[in-house]
Amino acid sequence: MNLAGRCDLKSQISQSRRDLGHPVIEVKAMIRIELPQHLRTLAHVDREITLEVDGPVTQRSVLDALEARYPMLRGTIRDHGTQQRRAFLRFFACEEDLSHESPDSPLPEAVASGKEPLLIIGAIAGG
Amino acid sequence: MSKVRVLAGTRKGAFILTADGKRQNWEVSGPHFAGWELYHLKGSPANPNRIYASQSSGWFGQIIQRSDDGGKSWHQPGTPPGQEPAPGPPKAVSNKFVYDTSAETGHPLTTHQWYDGTQHPWEFKRVWHIEPSLTDPDTVYAGVEDAALFRSTDGGENWHELAGLRGHGTGPKWQPGAGGLCLHTIILDPSNPERIYIAISAAGAFRSDDGGKSWKPINKGLYSKYIPNPTAEVGHCVHHIAMNPLRPGVLFMQKHWDVMRSNDAGDQWTKISGNLPTDFGFVIDVHSHEPETVYVVPIKSDGEHYVMEGKLRVFRSRTGGNEWEPLSKGLPQKDCYVNVLRDAMAVDTLDQCGIYFGTTGGQVYCSADAGDSWNPIVRDLPAVLSVEVQTLA
Numbered sequence: 001m002n003l004a005g006r007c008d009l010k011s012q013i014s015q016s017r018r019d020l021g022h023p024v025i026e027v028k029a030m031i032r033i034e035l036p037q038h039l040r041t042l043a044h045v046d047r048e049i050t051l052e053v054d055g056p057v058t059q060r061s062v063l064d065a066l067e068a069r070y071p072m073l074r075g076t077i078r079d080h081g082t083q084q085r086r087a088f089l090r091f092f093a094c095e096e097d098l099s100h101e102s103p104d105s106p107l108p109e110a111v112a113s114g115k116e117p118l119l120i121i122g123a124i125a126g127g
Numbered sequence: 128m129s130k131v132r133v134l135a136g137t138r139k140g141a142f143i144l145t146a147d148g149k150r151q152n153w154e155v156s157g158p159h160f161a162g163w164e165l166y167h168l169k170g171s172p173a174n175p176n177r178i179y180a181s182q183s184s185g186w187f188g189q190i191i192q193r194s195d196d197g198g199k200s201w202h203q204p205g206t207p208p209g210q211e212p213a214p215g216p217p218k219a220v221s222n223k224f225v226y227d228t229s230a231e232t233g234h235p236l237t238t239h240q241w242y243d244g245t246q247h248p249w250e251f252k253r254v255w256h257i258e259p260s261l262t263d264p265d266t267v268y269a270g271v272e273d274a275a276l277f278r279s280t281d282g283g284e285n286w287h288e289l290a291g292l293r294g295h296g297t298g299p300k301w302q303p304g305a306g307g308l309c310l311h312t313i314i315l316d317p318s319n320p321e322r323i324y325i326a327i328s329a330a331g332a333f334r335s336d337d338g339g340k341s342w343k344p345i346n347k348g349l350y351s352k353y354i355p356n357p358t359a360e361v362g363h364c365v366h367h368i369a370m371n372p373l374r375p376g377v378l379f380m381q382k383h384w385d386v387m388r389s390n391d392a393g394d395q396w397t398k399i400s401g402n403l404p405t406d407f408g409f410v411i412d413v414h415s416h417e418p419e420t421v422y423v424v425p426i427k428s429d430g431e432h433y434v435m436e437g438k439l440r441v442f443r444s445r446t447g448g449n450e451w452e453p454l455s456k457g458l459p460q461k462d463c464y465v466n467v468l469r470d471a472m473a474v475d476t477l478d479q480c481g482i483y484f485g486t487t488g489g490q491v492y493c494s495a496d497a498g499d500s501w502n503p504i505v506r507d508l509p510a511v512l513s514v515e516v517q518t519l520a
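Take a look at the structure:
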């Protein structure tokens, strides 16, 4: 998997009008995310959710979109103060551990295109 | 007829236990927030149907939950009316506990003492204790780890640190106990709305006389062999403090070792361990109507966190300390090795005062006769972290 691959922008393209009627082209990717059980319960969602993400598809932009749509998840994946990933969570996709990638690095093309989900995983710990 | 509602927080969810004033037949609901740690739940004295709950997880952090119907349904504060449990996610955060380091309102204090003696940044981990205001259902205090005091005035949606505590000067000397650097006790004085007591492991007890703006340590008389200066101003591992609202100036403390009392709002403490078989322990509480009747559950030692000799015994003093009697009727007296954690004892306010406590073995016991005899309400919950009781008209 080429982690540096950019999303191919075959994602949804929508057109809207803003700023007193001037046309603006918005590029939006449809991203699939799988949440761990407890966060699904908290957000009242099924295992997999689909999100629209504006612009480059990165960990940060995906999590920003996730938290904007599900505000109750703020602080549960990233620390409120530092915005760092919580220690016992991992980000997997395409059989790769992306947890230690820069939050601003592009996610794999398969994630950006919606072919593969971004998996948010709770570490196996405890007894 | 009066009712009681017991709020039990456990390692794997919350349970609500209800009974009429006889306290013989119990209904159990739960687990609420299954799989999460519920360090504490507490109802508002001003509106008993308003209950706050601290839900946390090592994986996902902190959530504050609120019920406005006595625990039947829950939501995260800030959720618009009608949003829950209607389809769609609740639109709320309720868990943003960010330390105040601003120069204007806070103190740019960024470190406390770590286990190895070095300085360590403050890092929020969880809410240990929730204390609703005595008069306003929307005002509630939260004691957190790493130790700090937060307050919400909008029903738990937004939280702001009362930074005068963490910044009053001794903060860099505070150090975590084995359970973490936690602010676990908050007591509001019913006779003086400006007076608040808090306790921190392992920093000690503190008091504010101006509504939480400024604080001072109140640890004189405490003696702790495990710190370099046993009588230091801070550094004592206070496990819990209890107060009878009928006599707000009198405080009882279970320290790491030692049971203590103060007759002057914490200015001076005196040891009252007396004839206890061991004075290590976590819980302490006071009879609702008899301010000199005090309860503790002695634990064998700091190295062996279970009751002595396999016998679960509550000890009661009717003399304000020093003279203690074991209470064991109805409690296991063989092969019992449970602990009773610091927030896991409570008293109701019925005429015949009821005493409640929960164990790390998952039992919640009730005595409807001030401790003379005990019955288990439930036996097989996850480890009990906290017990509170509401007396309902």
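So the protein lines, in turn, are chains A and B. Residue numbering for the first sequence is 1 to 127, as defined by our numbering. Residue numbering for the second sequence is 128 to 520, as defined by our numbering. Ideal Cβ placement from N, Cα and C applies to all residues, glycine included. Given the structure is predicted, the values throughout are model-derived calculations rather than measurements.
With respect to the C-alpha of B:Glu284, the residue from B:Phe224, B:Ile313, B:Gln246, B:Pro459 having the closest C-alpha is B:Phe224.
For B:Asp281, the secondary structure class from DSSP, reduced to helix, strand or coil, is coil.
In the structure shown, A:Leu73 falls within a helical segment according to DSSP collapsed to helix, strand and coil. Following the DSSP letters along the chain, one finds B:Leu292 inside the alpha helix (DSSP H) bounded by residues 290-293. Residues of chain A with a Cβ closer than 9 Å to the Cβ of B:Ser184 are, in chain order, His38, Thr76, Phe88, Gly122. The residue among B:Gly485, B:Met128, B:His295 with its C-alpha nearest the C-alpha of B:Ile504 is B:Gly485. Residue contact with chain B for A:His80: present (Cβ-Cβ distance below 8 Å to some residue of chain B).
Rounded to whole angstroms, the separation of the alpha carbons of A:Glu52 and A:Pro108 is 16 Å. Annotated as proximal: B:Gly481 and B:Arg150, with beta-carbon spacing under 8 Å. In the structure shown, B:Pro317 falls within a coil segment according to DSSP collapsed to helix, strand and coil.
Within the stretch 38-53 of chain A, contact with chain B at the beta-carbon level (separation under 9 Å) is assigned to His38, Leu39, Thr41, Leu42, Ala43, His44, Val45. A straight line joining the alpha-carbon of B:Trp301 with that of B:Ala473 spans about 28 Å. Remark: C-beta atoms of B:Thr206 and B:Leu512 do not approach each other more closely than 8 Å.
In the structure shown, B:Pro175 falls within a coil segment according to DSSP collapsed to helix, strand and coil. With contacts defined as CB atoms closer than 8 Å, B:Ser129 and B:Leu373 fail to qualify as a contacting pair.
Within chain A, no residue has its CB atom less than 9 Å from the CB of B:Gln151, the nearest being about 35 Å off. Neighbours of B:Phe187 across chain A, judged by C-beta separation under 9 Å: Pro36, His38, Leu39, Leu42, Leu73, Gly75, Thr76, Ile77, Arg86, Phe88, Leu89, Gly122. When Cβ-Cβ separations below 8 Å define contact, B:Gly162 makes contact with chain A. When beta bridges are read from the DSSP output, B:Tyr422 appears opposite B:Asp412, B:Arg443. Look at B:Val225: its C-beta is under 8 Å from a C-beta on chain A. Restricting attention to B:Asp243, B:Asp273, B:Gln246, B:Gly294, the CA atom closest to the CA of B:Trp255 is found in B:Asp273. Within the stretch 362-386 of chain B, no residue places its CB atom closer than 8 Å to a CB of chain A. Sorting B:Gly304, B:Gly198, B:Thr297, B:Pro259 by C-alpha distance to the C-alpha of B:Asp243 places B:Gly304 at the top. For B:Ile190, the nearest beta carbon of chain A is closer than 8 Å to its own beta carbon. DSSP places B:Lys300 in the helix class (H, G or I) of the three-state scheme. Not a single C-beta of chain A is nearer than 8 Å to the C-beta of B:Gln490.
In this chain, the alpha helix (DSSP H) harbouring A:Glu109 covers 109-112. The stretch 279-295 of chain B makes no contact with the stretch 347-363 of chain B, as fewer than three CB pairs between them are under 8 Å.
Within the stretch 189-275 of chain B, not a single complete alpha helix (DSSP H) segment reaches 4 residues in length. A:Thr76 and A:Ser61 have their C-alpha atoms some 16 Å from each other. For B:Tyr324, the pairing in a beta bridge is given by DSSP as B:Ile314, B:Arg334. The DSSP-derived three-state label of A:Glu95 is coil. Burial state of B:Ala230 is exposed, judged by a 10 Å Cβ sphere holding fewer than 16 other Cβ atoms.
Judged by DSSP secondary structure, A:His38 falls within the alpha helix (DSSP H) whose first and last residues are 37-43.
For B:Gln240, there are no neighbours in chain A by C-beta distance under 9 Å, as the nearest C-beta there is about 21 Å away. For B:Ala326, the CB contacts under 6 Å within the same chain, skipping 5 residues up- and downstream, are Thr312, Ala332, Val365, Ile368 in chain order.
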